[in-house]
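K.L.:
4 protein chains.
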Amino acid sequence: MGQRGRKKGAIGEESRTLLLKIAADEFAHQGYYETKVSTIVSRAGLTQPAFYLYFQSKEVILQELVERFRTKLFDLTHKSRLAPGTEIETIHQRIAVGITTVFRFLQEEPNLTRIGFIVAPEAEEIKKQLVALIKENLISEQKDGFFHDHLDMDIVAESIVGVIERLTFTKLLNGLKDPESLANDIVRLLLYGMLVD
Amino acid sequence: MGQRGRKKGAIGEESRTLLLKIAADEFAHQGYYETKVSTIVSRAGLTQPAFYLYFQSKEVILQELVERFRTKLFDLTHKSRLAPGTEIETIHQRIAVGITTVFRFLQEEPNLTRIGFIVAPEAEEIKKQLVALIKENLISEQKDGFFHDHLDMDIVAESIVGVIERLTFTKLLNGLKDPESLANDIVRLLLYGMLVD
Amino acid sequence: MGQRGRKKGAIGEESRTLLLKIAADEFAHQGYYETKVSTIVSRAGLTQPAFYLYFQSKEVILQELVERFRTKLFDLTHKSRLAPGTEIETIHQRIAVGITTVFRFLQEEPNLTRIGFIVAPEAEEIKKQLVALIKENLISEQKDGFFHDHLDMDIVAESIVGVIERLTFTKLLNGLKDPESLANDIVRLLLYGMLVD
Amino acid sequence: MGQRGRKKGAIGEESRTLLLKIAADEFAHQGYYETKVSTIVSRAGLTQPAFYLYFQSKEVILQELVERFRTKLFDLTHKSRLAPGTEIETIHQRIAVGITTVFRFLQEEPNLTRIGFIVAPEAEEIKKQLVALIKENLISEQKDGFFHDHLDMDIVAESIVGVIERLTFTKLLNGLKDPESLANDIVRLLLYGMLVD
DNA sequence: GATGAATGAGGTTTCATTCAT
DNA sequence: CATGAATGAAACCTCATTCAT
Numbered sequence: 001m002g003q004r005g006r007k008k009g010a011i012g013e014e015s016r017t018l019l020l021k022i023a024a025d026e027f028a029h030q031g032y033y034e035t036k037v038s039t040i041v042s043r044a045g046l047t048q049p050a051f052y053l054y055f056q057s058k059e060v061i062l063q064e065l066v067e068r069f070r071t072k073l074f075d076l077t078h079k080s081r082l083a084p085g086t087e088i089e090t091i092h093q094r095i096a097v098g099i100t101t102v103f104r105f106l107q108e109e110p111n112l113t114r115i116g117f118i119v120a121p122e123a124e125e126i127k128k129q130l131v132a133l134i135k136e137n138l139i140s141e142q143k144d145g146f147f148h149d150h151l152d153m154d155i156v157a158e159s160i161v162g163v164i165e166r167l168t169f170t171k172l173l174n175g176l177k178d179p180e181s182l183a184n185d186i187v188r189l190l191l192y193g194m195l196v197d
Numbered sequence: 001m002g003q004r005g006r007k008k009g010a011i012g013e014e015s016r017t018l019l020l021k022i023a024a025d026e027f028a029h030q031g032y033y034e035t036k037v038s039t040i041v042s043r044a045g046l047t048q049p050a051f052y053l054y055f056q057s058k059e060v061i062l063q064e065l066v067e068r069f070r071t072k073l074f075d076l077t078h079k080s081r082l083a084p085g086t087e088i089e090t091i092h093q094r095i096a097v098g099i100t101t102v103f104r105f106l107q108e109e110p111n112l113t114r115i116g117f118i119v120a121p122e123a124e125e126i127k128k129q130l131v132a133l134i135k136e137n138l139i140s141e142q143k144d145g146f147f148h149d150h151l152d153m154d155i156v157a158e159s160i161v162g163v164i165e166r167l168t169f170t171k172l173l174n175g176l177k178d179p180e181s182l183a184n185d186i187v188r189l190l191l192y193g194m195l196v197d
Numbered sequence: 001m002g003q004r005g006r007k008k009g010a011i012g013e014e015s016r017t018l019l020l021k022i023a024a025d026e027f028a029h030q031g032y033y034e035t036k037v038s039t040i041v042s043r044a045g046l047t048q049p050a051f052y053l054y055f056q057s058k059e060v061i062l063q064e065l066v067e068r069f070r071t072k073l074f075d076l077t078h079k080s081r082l083a084p085g086t087e088i089e090t091i092h093q094r095i096a097v098g099i100t101t102v103f104r105f106l107q108e109e110p111n112l113t114r115i116g117f118i119v120a121p122e123a124e125e126i127k128k129q130l131v132a133l134i135k136e137n138l139i140s141e142q143k144d145g146f147f148h149d150h151l152d153m154d155i156v157a158e159s160i161v162g163v164i165e166r167l168t169f170t171k172l173l174n175g176l177k178d179p180e181s182l183a184n185d186i187v188r189l190l191l192y193g194m195l196v197d
Numbered sequence: 001m002g003q004r005g006r007k008k009g010a011i012g013e014e015s016r017t018l019l020l021k022i023a024a025d026e027f028a029h030q031g032y033y034e035t036k037v038s039t040i041v042s043r044a045g046l047t048q049p050a051f052y053l054y055f056q057s058k059e060v061i062l063q064e065l066v067e068r069f070r071t072k073l074f075d076l077t078h079k080s081r082l083a084p085g086t087e088i089e090t091i092h093q094r095i096a097v098g099i100t101t102v103f104r105f106l107q108e109e110p111n112l113t114r115i116g117f118i119v120a121p122e123a124e125e126i127k128k129q130l131v132a133l134i135k136e137n138l139i140s141e142q143k144d145g146f147f148h149d150h151l152d153m154d155i156v157a158e159s160i161v162g163v164i165e166r167l168t169f170t171k172l173l174n175g176l177k178d179p180e181s182l183a184n185d186i187v188r189l190l191l192y193g194m195l196v197d
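Residue numbers (the working numbering), protein chains in the order written: chain W, 1 to 197; chain A, 1 to 197; chain Z, 1 to 197; chain H, 1 to 197.
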């Protein structure tokens, strides 16, 4: 399809996408309230009414970004759960892979990550869902005898999410560390503990 | 005491304190932007100009609350560091006590906690300071041979703060868990790990 | 007739007519300002620019509807005046027939009626013309000795229009009464009065 | 009370009253949609936010005016009903007095009248209430044998309101006729009819 | 004949903040 | 110490209308 081969409505779709991208950037870096529709459109080379051609309101565009984040995040965690680890994998490896996957996604979508974890009104809800998912996995592995019986997997799951969140913003998104090594750090710490025996 | 029996200035100080308390509540529960000066003053039984008698601006009153949080938090962690643990204490106990102290404070000041950890623009900075403090302690204990050499104490400190933050909001501030047991959970998890040997 | 069998322009005329009809409906029921061009075109299955293919502006389409109403209304009253009543007719009958004719038209064009009587900026002007017409008739009949000399036919004509307008909206357009009986009610009331002799 | 004797809040009350008065004028002459808050406040020598100090919205200030109209109108018709006509009064006089009272009020409040009868979304409702009130009176007088049995008092009441409305705008509010003579015209017409016996 | 895309202009409303008393 | 009254600034949003295809 040549440069004149634009599909019907292609240019509108482009504008919409552009607005979404810029909005994500603004929301991520300025927060909801400091993000002005006027800024978004002017960065897109458009005027204000154009914004309302594609989104009902400022709130709604945020929602769209949040849903995008939520969906991708849970799709991915779901998929990674189904992907059967090779038999040989140690539990360490299996968990590390899961966490790596999450980190990879967060790294690929830094703006959505800031939005979904911080800016969104539903941020807490999203994290809760993540906790629930992780907790499920942990419990099944606990039943399999991998983890101490006395561990409260709710607390552990919350902790993991707390750690992931913190390291995401302090080490991952600023390029200080990569997904793999971060995941490894976490797994090693949590599995074996800090104490010298 | 007659209507003129109030000590001069007392009532002003009272109003100021009241405004601060209400502002903390509003900021904590509505966030900065959804907190309206008009709401604060009306809850205080005052009028808008009265607000500006005590605080230069909405931003400034937030600052004051943030500084209050920061100061208390670091005073406390400082003091707790100086308080010499009994010789006999295990490392487990020593760390647990430190974390308990932090949790106790956060629990006593739930509004300031939300403000210092979430609402404040300097939230990240505050957490970084906390990380630094914890990291110092950890390194010294690592040098004393308590912890594995290979552990990156920066990551560990970040993780601890991440865990503390998360558990504060999901377990502590809503009364689901108390400081001691939370601290214990954390210490046990981090010191000994999850793995069955 | 195949899909290309339409006579050129036919479809354009159809669109124009459709837009007019829908606009009449919207103006009649929502008023001028609550009627949105976007609504009109979308109800017509068209897009906004299409609207401007047929009408210069929202104001102009209203004008066209108003003129349609005005023309029809005065055509009809004119014609009904020329149609010679049978010699035998009582004055009662003659007037009743005139009013019936008006009501019939208003009933057939409820939307135009609402527009011409309420929505149009020229509503007052239109009613004034109607008053003038009626007044002329009345005066000639007064000269013929049918009506009391002392009656101010200006007031009477205004009254008749007032009554017609009110009964149109409260009894005619909602189907509560038909043109004939309404006309009769009016004529009886005005000719013979309410009083028991 | 001297010129410095202003009661607390007096000046605010003045602004509010002024805004109401100007708004009434604007609504009456420009209609709701062509009335701009900016015009109202600038005519009052104020700025836009001042408007919202006294009224929640443009819609609400219209409502307040409408209610003012409605209340006054019905208060007055109520009172005039209770005021016992002298025994000696003819039915003609009694009715004329009632209509005169209404006209006097409409004349005193030309802006509210335009608002209540034309501009208000509830205009129709208000007129309906007026019709109901008049109808009641008429029926009781019909039972007393003053009026023909065959008259449908619903139609008559609607007619009276139609006439009042029309004559108000075409004869009363522009000073062409006074309340008394208008009322007389109406009563004479409706009671005795137009026909020469 | 019709559309996708966009805009100019303007309107209502909100809120932190200040002035004069 | 406090208030009544007001404002500057700006945000979001709507709508009729047009341009280029």
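Don't be surprised by glycine CBs; every beta carbon is placed ideally from N, CA and C.
Model, not experiment: these values are computed from the prediction.
Rounding to the nearest angstrom, what Cα-Cα distance links E122/W and T170/A in this structure?
P.N.:
Position 122 of the first sequence, counted from the first residue, corresponds to residue 122/W. Position 170 of the second sequence, counted from the first residue, corresponds to residue 170/A. Taking C-alpha positions only, E122/W is separated from T170/A by approximately 14 Å.
K.L.:
Any contact between the region 130-148 of chain W and the region 123-134 of chain A? By contact I mean 3 or more CB pairs, one from each, below 8 Å.
P.N.:
no
K.L.:
Going by beta carbon distance, what residues of the same chain come within less than 8 Å of I22/A, once the five residues before and after it are set aside?
P.N.:
For the purposes of this step, residue 22/A is taken as residue 22 along the second sequence, with counting starting at 1. Once the five neighbours on either side are set aside, the close Cβ partners of I22/A are I40, R43, A44.
K.L.:
What residues in its chain sit with their C-beta under 6 Å from that of G98/Z, if we drop five residues either side in the sequence?
P.N.:
Reading the third sequence from its first residue, position 98 is the one you call residue 98/Z. Excluding residues within five positions, the ones whose Cβ falls inside 6 Å are S80.
K.L.:
Take the Cβ of T100/A as the centre, count every other Cβ of all protein chains shown within 10 Å, and call the residue buried at 16 or more, exposed below.
P.N.:
Reading the second sequence from its first residue, position 100 is the one you call residue 100/A. Buried is the call here.
K.L.:
Beta carbons nearer than 7 Å to chain W: which residues of the region 159-170 of chain A have them?
P.N.:
S159, V161, G162, V163, E165, R166, L167, T170
K.L.:
For the alpha helix (DSSP H) holding S15/W, just list the boundary residues, first then last.
P.N.:
Working through the first sequence from its first residue, we reach residue 15/W at position 15. From DSSP, the alpha helix (DSSP H) with S15/W extends over 10-34.
K.L.:
Relative to the alpha-carbon of S38/Z, which residue among T71/W, A24/W, T35/W, L53/W has its alpha-carbon at the smallest distance?
P.N.:
For the purposes of this step, residue 38/Z is identified with residue 38 of the third sequence, where counting begins at 1. Taking only the C-alpha atoms, the option nearest S38/Z is L53/W.
K.L.:
Could you tell me which residues DSSP puts in a beta bridge with L195/W?
P.N.:
Translated into the one-based positions of the first sequence, residue 195/W becomes position 195. The partner list for L195/W (beta bridge, DSSP) reads F147/A.
K.L.:
Can you check the region 101-141 of chain Z for any alpha helix (DSSP H) of at least 4 residues that lies completely inside it and give the ranges in chain order?
P.N.:
110-114
K.L.:
What separation, rounded to the nearest whole angstrom, lies between the Cα atoms of L176/H and T17/Z?
P.N.:
In the fourth sequence, counting from the first residue as 1, residue 176/H sits at position 176. In the third sequence, counting from the first residue as 1, residue 17/Z sits at position 17. Answer to the nearest angstrom: the Cα atoms are 43 Å apart.
K.L.:
Which value, in whole angstroms, describes the spacing of the CA atoms of G9/A and E64/A?
P.N.:
Within the second sequence, residue 9/A is the residue found at index 9, counting from 1. Within the second sequence, residue 64/A is the residue found at index 64, counting from 1. Annotation note: pLDDT 47 at G9/A (below 50); position unreliable, coordinate value reported separately. Near 20 Å, if we compare the C-alpha coordinates of E64/A and G9/A.
K.L.:
What first and last residue would you give for the alpha helix (DSSP H) that runs through T170/Z?
P.N.:
Residue 170/Z sits at position 170 when you count from the first residue of the third sequence. Note, T170/Z: premise wrong, no alpha helix (DSSP H); not H, not E.
K.L.:
Answer with buried or exposed for V131/A, where buried requires no fewer than 16 other C-beta atoms within 10 angstroms of its C-beta.
P.N.:
On the second sequence, position 131 is the one that residue 131/A refers to. With 16 or more Cβ atoms within 10 Å of its Cβ, V131/A is classed as buried.
K.L.:
Is there contact between the region 143-160 of chain A and the region 102-109 of chain A, where contact requires at least three CB pairs shorter than 8 Å?
P.N.:
no
K.L.:
Identify which residue in Y192/A, K36/A, T77/A has its Cα closest to the Cα of I91/A.
P.N.:
Taking the first residue of the second sequence as 1, we reach residue 91/A at position 91. Comparing Cα-Cα distances from I91/A to each of Y192/A, K36/A, T77/A, the minimum goes to Y192/A.
K.L.:
For a test of the three-state rule: what should DSSP assign to Q56/Z, helix, strand or coil?
P.N.:
For this step, residue 56/Z is matched to residue 56 along the third sequence. DSSP places Q56/Z in coil when its eight states are reduced to three.
K.L.:
Could you name the residues of the same chain whose beta carbon sits closer than 6 Å to that of T35/Z, not counting the 5 residues immediately before and after it, in chain order?
P.N.:
Here residue 35/Z is taken as the residue at index 35 of the third sequence, counted from 1. Correct list, in chain order: E26, F27.
K.L.:
By DSSP, does E64/A sit in helix, in strand, or in coil?
P.N.:
Against the second sequence, residue 64/A aligns to sequence position 64. Three-state result, E64/A: helix.
K.L.:
Could you pull out every residue in the same chain whose Cβ sits closer than 8 Å to the Cβ of G12/A, ignoring the five residues on either side in sequence?
P.N.:
By 1-based counting over the second sequence, the position of residue 12/A is 12. Taken in chain order, the residues that qualify are L53, Y54.
K.L.:
For I99/W and chain A, any beta-carbon pair shorter than 8 Å?
P.N.:
As a first step, residue 99/W must be located in the first sequence, where it is residue number 99. Judged by the 8 Å Cβ criterion, I99/W is not in contact with chain A.
K.L.:
Under the assumption that P179/Z contacts Q107/Z (Cβ atoms under 8 Å), give the Cβ distance between them as a whole number of angstroms.
P.N.:
The residue labelled residue 179/Z in the question sits at position 179 within the third sequence. The residue labelled residue 107/Z in the question sits at position 107 within the third sequence. With 8 Å as the limit, P179/Z and Q107/Z qualify as a contact, their Cβ atoms being about 6 Å apart.
K.L.:
Say whether chain H places a C-beta atom closer than 8 Å to the C-beta of I126/Z.
P.N.:
Looking up residue 126/Z in the third sequence gives position 126. I126/Z does not count as touching chain H.
K.L.:
In chain H, what lies closer than 9 Å to V156/Z by C-beta?
P.N.:
By 1-based counting over the third sequence, the position of residue 156/Z is 156. Result: D185, L189, M194.
K.L.:
Would a check of beta-carbon distances place D144/W closer than 8 Å to chain A?
P.N.:
Sequence index remark: in the first sequence, residue 144/W carries index 144 (1-based). It does not: the Cβ of D144/W has no partner Cβ on chain A nearer than 8 Å.
K.L.:
Comparing C-alpha positions only, which one of Y32/A, H78/A, A183/A sits nearest to R166/A?
P.N.:
Against the second sequence, residue 166/A aligns to sequence position 166. Answer by Cα proximity: A183/A.
K.L.:
Classify L215/H as helix, strand or coil using the three-state DSSP reduction.
P.N.:
Missing from the structure shown is residue 215/H; chain H here goes from 1 to 197 and no further.
K.L.:
Taking C-alpha atoms, which residue in D197/A, S15/A, M153/A lies nearest to T47/A?
P.N.:
For the purposes of this step, residue 47/A is taken as the residue at position 47 of the second sequence. Per the Cα distances, S15/A.
K.L.:
For a contact defined as C-beta to C-beta under 9 Å, what are the partners of L173/H on chain Z?
P.N.:
In the fourth sequence, counting from the first residue as 1, residue 173/H sits at position 173. Those do not exist, as L173/H stays about 12 Å from chain Z at its closest Cβ, beyond 9 Å.
K.L.:
Given this structure, state the Cα-to-Cα distance separating M194/H from I61/Z, to the nearest angstrom.
P.N.:
Sequence index remark: in the fourth sequence, residue 194/H carries index 194 (1-based). Sequence index remark: in the third sequence, residue 61/Z carries index 61 (1-based). Taking the straight line from one Cα to the other gives about 41 Å.
K.L.:
Apply the 10 Å Cβ neighbour rule to G116/A and answer buried if 16 or more other Cβ atoms are within range, or exposed otherwise.
P.N.:
Numbered from its first residue, the second sequence carries residue 116/A at position 116. With 16 or more Cβ atoms within 10 Å of its Cβ, G116/A is classed as buried.
K.L.:
The alpha helix (DSSP H) spanning I40/A covers which residue range?
P.N.:
Counted from its first residue, the second sequence places residue 40/A at position 40. Unbroken alpha helix (DSSP H) run through I40/A: 37-43.
K.L.:
For a test of the three-state rule: what should DSSP assign to I91/Z, helix, strand or coil?
P.N.:
In the third sequence, counting from the first residue as 1, residue 91/Z sits at position 91. DSSP places I91/Z in helix when its eight states are reduced to three.
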